[in-house]
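Residue numbers (my numbering): 2 to 342. All C-beta atoms in this analysis are idealised placements derived from N, C-alpha and C, irrespective of residue type, glycine included. None of these values were measured; they are calculated from a predicted model. Right, one structure below, let's go through it.
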Amino acid sequence: MKRLNIGVIGAGRIGTVHTETIVRSVPEAQVVAIVDVNIAAAKELAERNMVKSYSADYRTITQNPDIDAVIICSPTDVHALHATVAAKAGKHIFCEKPIALDLDTIRRVLQTVEQSRVKFMVGFNRRFDPNFRKVKDMVVQGKVGEPHIVKITSRDPAPPPAEYVAVSGGMFLDMTIHDFDMARFIVGDEVEEVFAIGAVKVDPAIGKAGDIDTAVITLVFRNGALGIIDNSRQAVYGYDQRVEVFGSGGMVKVDNNAPDTHDYYARDGVHSSLPLNFFMDRYIEAYASEMREFCRVVACDEPVSVGGKDGLLSVAIGLAAKKSLETHRPVKVSDILAGTA
């Protein structure tokens, strides 16, 4: 099998994760070019991973006939531009979430992708986490019976800078979007209605930037199942990532990953290690599995397991949550999709 030539657009944290994952864990592919408007960042990442080509202009990747696929890790507000240009150039695309912050732009991107007949995969890496995958498999196998309630806890170890918050699309489209996708994935059905409440409890600067840092969201699924998501931008004990599904036949849950599994017993109590403290540590295996799938579906012309529709619907749920927060009422996802909310 010919090794895939891949170009990476964006040399920030997630671009670094994907580049290093391919270099270390995906032998069927190679990163041949890295682009970032911060040319120093592109140069540093390229040299550290022995990638020969780096640039500040994304068109050096999209216009390169030797590049088979593009990994888009640029800022959110240019995901759609980079995906559209890459698709028109015939490049297969892996795009970090969200595709865009509004549904019309996402629909235009997906139309271009369809017309260009290229693969398009969205970076919902948590689907590839072994713990969460086990929960999904047990639901599919009927181990919990009919799902009644799914609970997702997602709390970051530290809040992002307010400058980032201002351009990220807000908590629901930047952070909770992973949880919306995970809820759909695990339950195996679509969300019909969303109700969200939120507050600024962590960093007043986030509130001044027009966002919240603490939220609870309830979901109603088409099949009648209920979902509860709780988010915080800061958990002082580490990166808190837990899932539970309760159903008519039982319950399955997964807890946090820690750097080790020791328990220390002493007079003052029982002690263990805190959860892993950063998403790159917690989901490193998921990132590798995700990227291996992308390379395989491109090389073998297989369908992607998480594509444009998943990206569109998760943004729609996020927009419903934003509307609910603003209006203090439940919001139908169908109204968001129709533009009538």
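- Per DSSP, the continuous alpha helix (DSSP H) segment holding Arg185 begins and ends at Thr177 to Val188.
- Between Val307 and Val151, the C-beta spacing is not below 7 Å.
- Looking from the CA of Gly251, the closest CA among Met176, Ala12, Gly143 and Arg156 belongs to Gly143.
- For Ile153, the closest C-alpha among the options Lys120, Lys202, Val188 and Leu174 is that of Val188.
- The C-alpha of Val201 is placed about 11 Å away from the C-alpha of Gln235.
- With contact defined as three or more Cβ pairs closer than 8 Å, the region 255-272 and the region 47-57 are not in contact.
- Pairing Thr22 with Tyr240 gives a Cβ-Cβ distance that is not under 7 Å.
- The shortest C-alpha to C-alpha distance from Phe280 to any of Ala84, Pro161 and Lys324 is the one to Pro161.
- Secondary structure of Gln235 (DSSP, three-state): coil.
- Remark: C-beta atoms of Asp190 and Asn224 approach each other more closely than 7 Å.
- For Ala34, the secondary structure class from DSSP, reduced to helix, strand or coil, is strand.
- DSSP places Asn6 outside any alpha helix (DSSP H); the residue lies instead in the beta strand (DSSP E), whose first and last residues are Leu5 to Ile10.
- With a contact defined as Cβ atoms closer than 8 Å, Ile218 and Ile230 qualify at about 4 Å.
- Between Ile100 and Val110, the C-beta spacing is below 7 Å.
- Taking the Cα of Ala210 as reference, the smallest distance to any Cα among Ser325, Leu227, Gly171 and Gly340 is reached at Gly171.
- A residue is called buried once 16 or more other Cβ atoms fall within 10 Å of its Cβ, and Ser249, having fewer, is exposed.
- Unbroken alpha helix (DSSP H) stretches of 4 residues or longer found wholly inside the region 50-132: 60-63, 80-89 and 104-117, given in chain order.
- CA-CA distance, Asp58 to Ala317, rounds to 31 Å.
- Taking the Cα of Lys324 as reference, the smallest distance to any Cα among Val141, Leu174 and Glu97 is reached at Leu174.
- Nearest to Ala339 by C-alpha distance, out of Glu294, Met139 and Leu104, is Leu104.
- Across the set Leu227, Thr177, Gln242 and Val114, the C-alpha of Thr177 shows the shortest separation from the C-alpha of Ala216.
- Cβ-Cβ distances below 6 Å link Glu194 to Val221, Pro331 and Lys333 in the same chain, with the five nearest sequence neighbours on each side left out; the list follows chain order.
- Of the candidates Val237, Val299 and Ser290, Val237 places its Cα closest to the Cα of Leu275.
- Excluding residues up to 5 positions away in sequence, Gly248, Ser249 and Gly250 lie with their Cβ nearer than 6 Å to the Cβ of Gly146 in the same chain.
- When the beta-carbon positions are compared, Thr20 and Val36 stay at least 7 Å from each other.
- According to DSSP, Arg243 shares a beta bridge with Thr154.
- In the three-state scheme derived from DSSP, where H, G and I count as helix and E and B as strand, Leu277 is classed as coil.
- Residue Glu97 holds the alpha-carbon nearest to the alpha-carbon of Ala12 among Glu97, Ala206, Val123 and Lys135.
- Using a 10 angstroms sphere on the CB of Tyr55, the tally of other CB atoms reaches 16 or more, which defines it as buried.
- Taking C-beta separations shorter than 8 Å and ignoring five residues to either side along the sequence, the partners of Tyr265 in its chain run Val271, His272 and Ser273, following chain order.
- Looking at Glu115, Leu326, Val18 and Arg243, the one whose alpha-carbon comes closest to that of Pro131 is Arg243.
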